[in-house]
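Taking the numbering used here, I'd label the letters of the sequence shown as residues 56 to 421.
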Amino acid sequence: MASPAALAQPGETASETPVYDPGPLTDGSPAPEPAAKTWILADMDTGEVLAAHEPDTKHAPASTQKLLAGLALVDVLDDPDATHEATYDDMLVDGTKVGLLQKNDYTIDDLFHAMLMSSANDAAHALADAAGGQDEAVALMEDKAEELQLTGTRPRNTSGLDAKGQSTTAADLLRVGRAVLEDEYLTDIVQTTEYDFPGATNPDTDEKLDGYPIQNHTRIVGEVEGGLGLKNGHTNAAGGSFVAVVERDDRRLGAAILGGETMTREAAVDLIEWGFAQSQPEAIDQISFETAAEAAETAAAEAPDAAAEDAGATAQSADMDADLAAESTDVRTWAIVLLAVGLLLGAVAVVLARRLVRSRRGSRAP
Numbered sequence: 056m057a058s059p060a061a062l063a064q065p066g067e068t069a070s071e072t073p074v075y076d077p078g079p080l081t082d083g084s085p086a087p088e089p090a091a092k093t094w095i096l097a098d099m100d101t102g103e104v105l106a107a108h109e110p111d112t113k114h115a116p117a118s119t120q121k122l123l124a125g126l127a128l129v130d131v132l133d134d135p136d137a138t139h140e141a142t143y144d145d146m147l148v149d150g151t152k153v154g155l156l157q158k159n160d161y162t163i164d165d166l167f168h169a170m171l172m173s174s175a176n177d178a179a180h181a182l183a184d185a186a187g188g189q190d191e192a193v194a195l196m197e198d199k200a201e202e203l204q205l206t207g208t209r210p211r212n213t214s215g216l217d218a219k220g221q222s223t224t225a226a227d228l229l230r231v232g233r234a235v236l237e238d239e240y241l242t243d244i245v246q247t248t249e250y251d252f253p254g255a256t257n258p259d260t261d262e263k264l265d266g267y268p269i270q271n272h273t274r275i276v277g278e279v280e281g282g283l284g285l286k287n288g289h290t291n292a293a294g295g296s297f298v299a300v301v302e303r304d305d306r307r308l309g310a311a312i313l314g315g316e317t318m319t320r321e322a323a324v325d326l327i328e329w330g331f332a333q334s335q336p337e338a339i340d341q342i343s344f345e346t347a348a349e350a351a352e353t354a355a356a357e358a359p360d361a362a363a364e365d366a367g368a369t370a371q372s373a374d375m376d377a378d379l380a381a382e383s384t385d386v387r388t389w390a391i392v393l394l395a396v397g398l399l400l401g402a403v404a405v406v407l408a409r410r411l412v413r414s415r416r417g418s419r420a421p
């Protein structure tokens, strides 16, 4: 049997030939336009979108899906030193592999590094099994997508290999990327440039196979000034995908690309470089990074104010009703008084009239 290194497949990169001209990445110049189905450039702290093309359009994610898988699975696989035995099914997975060998134990830490650094589909498959199985892993990813309030992400597997109904959006990729950078463990992995992957034992021959180093396929950390990572991807059906974040002078810009025809890494970096070159960047839109939990907290915090406002409105309405009632009472009182005065005056007039009549009769008597 071949060694794990020999079994490893090339990185998920397309045959890339420059087909677009980013133009000058200078202050005041137009934003570059990647040759892709959908893309976005945004401030990762304020949510201000600086440039975009159909950022909410659903598209196949390719291996950028592994970022969401990492976020979902690390919640249940929280012991990096725990081990998982690789299976034959792990070895059968298509695409990029780190070279897992069945009946060998690998730590959870090994598998996370292989999945996020080298985009290893066999490691992504093994992590899903370690988390309870492929279906359970997808369910965890769906829960995480709901938690992050992703608008167009529909996971079907942990690897990002093409599957019916599987999708994400460029805007969602930035939301996922931001969440990854808030997780200390995952951040450390996506910012690792080289990792010593362990050796294994050939289960058929008992041959001991040496470990070997694996590299980070994203090539953002250490190659782009202030680069923080995150993830690359490519399948024939999905095209190229990429999400990258760079920090300079306490400002973080992120770019995400889906359906790239070529040069997805370079296009993402071009967008970010252009963004940093702008002295007065103008936001064209706003992206929300609020999680479901944060949204609930905001709603709860605003609830007392809303209740107080409603109570104030109710009290004001009650006061108005009371004033109107008082005014109505005053009107009725005055009406009664006037009626009584009218009746009294009428009675007096009758008495006076009668006396006048009697007086006239008396004067005519013999």
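Glycine included, each C-beta is placed from N, C-alpha and C at the ideal position.
Nearest neighbour of Met-172, chosen from Val-276, Ala-323, Glu-345 [CA to CA] | Locating residue 172 in the sequence shown gives position 117, where the first residue counts as 1. Considering only alpha carbons, the answer is Val-276.
Going by Cα to Cα distance, which pick from Gly-284, Ala-225, Gly-266 is closest to Glu-237?
-> On the sequence shown, residue 237 is found 182 positions in, with the first residue counted as 1. Per the Cα distances, Gly-284.
Identify which residue in Gln-270, Gly-315, Val-298, Gly-281 has its Cα closest to the Cα of Ala-292.
-> As a working mapping, residue 292 is identified with position 237 in the sequence shown. Cα-wise, what sits closest to Ala-292 is Gly-315.
Using a threshold of 9 Å, state whether the C-beta atoms of Thr-224 and Thr-93 are closer than that.
-> Here residue 224 corresponds to residue number 169 of the sequence shown, with the count starting at 1. Here residue 93 corresponds to residue number 38 of the sequence shown, with the count starting at 1. Yes, they are a contact pair.
Distance between beta carbons of Gly-309 and Val-298, contact taken as under 8 Å | Along the sequence shown, read from residue 1 onward, the residue named residue 298 stands at position 243. Along the sequence shown, read from residue 1 onward, the residue named residue 309 stands at position 254. Contact holds; Cβ gap of about 7 Å.
Under 9 Å between C-beta atoms, does Ala-91 make it to chain C?
-> Any reference to chain C falls outside this structure, which holds one protein chain only.
Can at least three beta-carbon pairs, one atom from the region 180 to 188 and one from the region 206 to 222, be found at a separation below 8 Å?
-> With a cut-off of 8 Å, the region 206 to 222 and the region 180 to 188 count as touching, because enough Cβ pairs lie within range.
Note the first and the last residue of the continuous alpha helix (DSSP H) segment covering Gln-120.
-> Here the question's residue 120 lines up with position 65 in the sequence shown. From DSSP, the alpha helix (DSSP H) with Gln-120 extends over 120 to 129.
For Asn-212, three-class secondary structure by DSSP | By 1-based counting over the sequence shown, the position of residue 212 is 157. If DSSP states are grouped into helix, strand and coil, Asn-212 belongs with coil.
Under the DSSP definition of a beta bridge, which residues are partnered with Thr-101?
-> Translated into positions along the sequence shown, residue 101 becomes position 46. Note: Thr-101 sits in no beta bridge, so no partner.
Okay, do the region 106 to 122 and the region 154 to 163 touch, 3+ Cβ pairs below 8 Å being the bar?
-> With contact defined as three or more Cβ pairs closer than 8 Å, the region 106 to 122 and the region 154 to 163 are not in contact.
Going by other Cβ atoms of all chains shown within 10 Å of its Cβ, with 16 needed for buried, is Gly-294 buried or exposed?
-> Taking the sequence shown and counting its residues from 1, the one referred to as residue 294 is at position 239. Taking all protein chains shown into account, Gly-294 has 16 or more neighbouring C-beta atoms within 10 Å of its C-beta and is therefore buried.
In three-state DSSP terms, what is Asn-287?
-> Translated into the one-based positions of the sequence shown, residue 287 becomes position 232. Note: Asn-287 maps to strand in three-state DSSP.
Boundaries of the beta strand (DSSP E) in which Arg-274 is found, first to last residue = Residue mapping note: residue 274 aligns to position 219 of the sequence shown, counting from 1. First-last for Arg-274: undefined, no H or E at that position.
Where Gln-189 sits in the DSSP three-state scheme | Counting from 1 along the sequence shown, the entry for residue 189 is found at position 134. When secondary structure is reduced to three states using DSSP, Gln-189 falls in the helix class.
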